[in-house]
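Notes follow the structure.
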Amino acid sequence: MSKDEHREGIGGMINPRRYGIERVAYLLMRLSGLGLLAYFIGHIYETSNILRGQVGWNEFMEMISTTEGHIIMSIVIAMCVFHTVNGVRVMLGHGGVGVGKPTRPDYPYDPASQNYRHKIGIYSAMVLAAVAMMYGLAVMFGE
Amino acid sequence: MRESTIMKIHYGTALAAVALVAVHILMRLTMGYAESLEYENVLANYKFVPYAIMLELILVLLAVHGFNGLRVILLELKQGRLYEKAVSYGCLVAMIGLIAYGSRTIIMTNMGMA
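Line by line, the protein sequences are chains L and Z. If you're matching positions, the first sequence starts at 20 in my numbering and goes up one per residue. If you're matching positions, the second sequence starts at 83 in my numbering and goes up one per residue.
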């Protein structure tokens, strides 16, 4: 690791091009978390329109039931599935599941925790997110 | 509160929310997606007390999980006594505000004030 690498700050921390798929998962976990929190706040506001009565609710539904609205919703579905599946992987890892047995650190010092089991977990989260997104699009545009 | 306890709450709220949100989404698929979002159907959902209780639980679980997640992200970016206190209390206030606003919708609709 060079000295310059330490000076990169947040940019260096979130750079997905280094340290393998685990860093990509770390970045996607945070981005999906922030995206879902933003959606959750919007959803709470959106559903409060029911208090405006039938006319107010229908007006709001008309405003969000657009192609753009459906695309945003499908991205939310993908974020939700990725965050859930990867979150379960992280929880299992924190609980010591699938991280391997502690051994003497020998060259080339491959971390036992960054093994194929967790890599499969990350790729599975991505694939399931894509499948859920396609299903969501089919449901929303199929009507 | 100890960070280890907060993380246990974070994971607990996540697991509980996954189960309840799954039920919430499946309710949208019991009929056509667009039909399930019609005023009468949404109103009927809110007026069904067990479902309203479930919505309230989802609201609390996701608000706690979401704002604690935001707090963790912000604390990873920067540290400092004042900054950490501001982030923690800021997230707590935002969480309480969101729960209060969401609860208002659930309670008022359930009581027929919509």
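Built from N, CA and C at the ideal position, the CB exists for glycine as well. Since this is a predicted model, take the numbers as computed values, not measurements.
Between the options, which lies nearest to residue i when the distance is taken from Cα to Cα?
{"i": "Leu108 of chain Z", "options": "Z:Thr95, Z:Ala96 and Z:Asn127", "result": "Z:Asn127"}
{"i": "Cys99 of chain L", "options": "L:Gly54, L:Ser143 and L:Pro130", "result": "L:Gly54"}
{"i": "Met190 of chain Z", "options": "Z:Phe130, Z:Val154, Z:Ile88 and Z:Glu120", "result": "Z:Phe130"}
{"i": "Ala144 of chain L", "options": "L:Pro35, L:Leu47 and L:Tyr38", "result": "L:Leu47"}
{"i": "Ala134 of chain Z", "options": "Z:Glu158, Z:Val124 and Z:Ile188", "result": "Z:Ile188"}
{"i": "Ala148 of chain L", "options": "L:Phe79, L:Gly72 and L:Gly106", "result": "L:Gly106"}
{"i": "Ile140 of chain Z", "options": "Z:Thr95, Z:Arg153 and Z:Arg186", "result": "Z:Thr95"}
{"i": "Ile69 of chain L", "options": "Z:Tyr93, Z:Ala176, Z:Leu157 and Z:Leu125", "result": "Z:Leu125"}
{"i": "Val105 of chain Z", "options": "Z:Leu174, Z:Met83, Z:Arg84 and Z:Pro132", "result": "Z:Pro132"}
{"i": "Ala176 of chain Z", "options": "Z:Arg153, Z:Arg84, Z:Ser86 and Z:Leu119", "result": "Z:Arg153"}
With DSSP as the reference, label residue i as helix, strand or coil.
{"i": "Pro121 of chain L", "result": "coil"}
{"i": "Asn134 of chain L", "result": "coil"}
{"i": "Val104 of chain L", "result": "helix"}
{"i": "Ser67 of chain L", "result": "helix"}
{"i": "Glu81 of chain L", "result": "helix"}
{"i": "Arg49 of chain L", "result": "helix"}
{"i": "Tyr115 of chain Z", "result": "helix"}
{"i": "Val116 of chain L", "result": "coil"}
{"i": "Gly163 of chain L", "result": "Outside the modelled stretch of chain L, which goes from 20 to 162, sits residue 163 of chain L, for which no answer is possible."}
{"i": "Gly39 of chain L", "result": "coil"}
{"i": "Glu87 of chain L", "result": "helix"}
{"i": "Gly61 of chain L", "result": "helix"}
{"i": "Gly54 of chain L", "result": "helix"}
For the alpha helix (DSSP H) containing residue i, list its first residue and its last residue.
{"i": "Ile49 of chain Z", "result": "Outside the shown range of chain Z, which is 83 to 196, sits residue 49 of chain Z, and nothing can be said about it."}
{"i": "Gly94 of chain Z", "result": "Glu85 to Arg110"}
{"i": "Gly31 of chain L", "result": "Gly28 to Ile33"}
{"i": "Leu164 of chain Z", "result": "Arg163 to Asn192"}
In whole angstroms, give me the CA-to-CA distance for residue i and residue j.
{"i": "Thr85 of chain L", "j": "Ile178 of chain Z", "result": "32 Å"}
{"i": "Val142 of chain Z", "j": "Tyr121 of chain Z", "result": "24 Å"}
{"i": "Ala116 of chain Z", "j": "Met89 of chain Z", "result": "38 Å"}
{"i": "Phe28 of chain L", "j": "Trp76 of chain L", "result": "Here the sequence assigns Gly to residue 28 of chain L, which means Phe is not the residue at that position. Looking at the two C-alpha atoms, the distance is approximately 46 Å."}
{"i": "Val104 of chain L", "j": "Arg110 of chain Z", "result": "22 Å"}
{"i": "Val100 of chain Z", "j": "Ser51 of chain L", "result": "15 Å"}
{"i": "Val43 of chain L", "j": "Phe149 of chain Z", "result": "22 Å"}
{"i": "Gly172 of chain Z", "j": "Glu166 of chain Z", "result": "10 Å"}
{"i": "Gly114 of chain L", "j": "Ile155 of chain Z", "result": "21 Å"}
{"i": "Arg37 of chain L", "j": "Asn123 of chain Z", "result": "49 Å"}
{"i": "Lys160 of chain Z", "j": "Val74 of chain L", "result": "46 Å"}
{"i": "Gly194 of chain Z", "j": "Thr112 of chain Z", "result": "24 Å"}
Less than 8 Å between the beta carbons of residue i and residue j, yes or no?
{"i": "Gly184 of chain Z", "j": "Leu56 of chain L", "result": "no"}
{"i": "Ile91 of chain Z", "j": "Val146 of chain Z", "result": "yes"}
{"i": "Ile139 of chain L", "j": "Ile40 of chain L", "result": "no"}
{"i": "Gly155 of chain L", "j": "Ser93 of chain L", "result": "yes"}
{"i": "Ile83 of chain L", "j": "Ala151 of chain L", "result": "no"}
{"i": "Leu180 of chain Z", "j": "Ile60 of chain L", "result": "yes"}
{"i": "Gly119 of chain L", "j": "Asn134 of chain L", "result": "yes"}
{"i": "His137 of chain L", "j": "Gly117 of chain L", "result": "yes"}
{"i": "Met159 of chain L", "j": "His89 of chain L", "result": "yes"}
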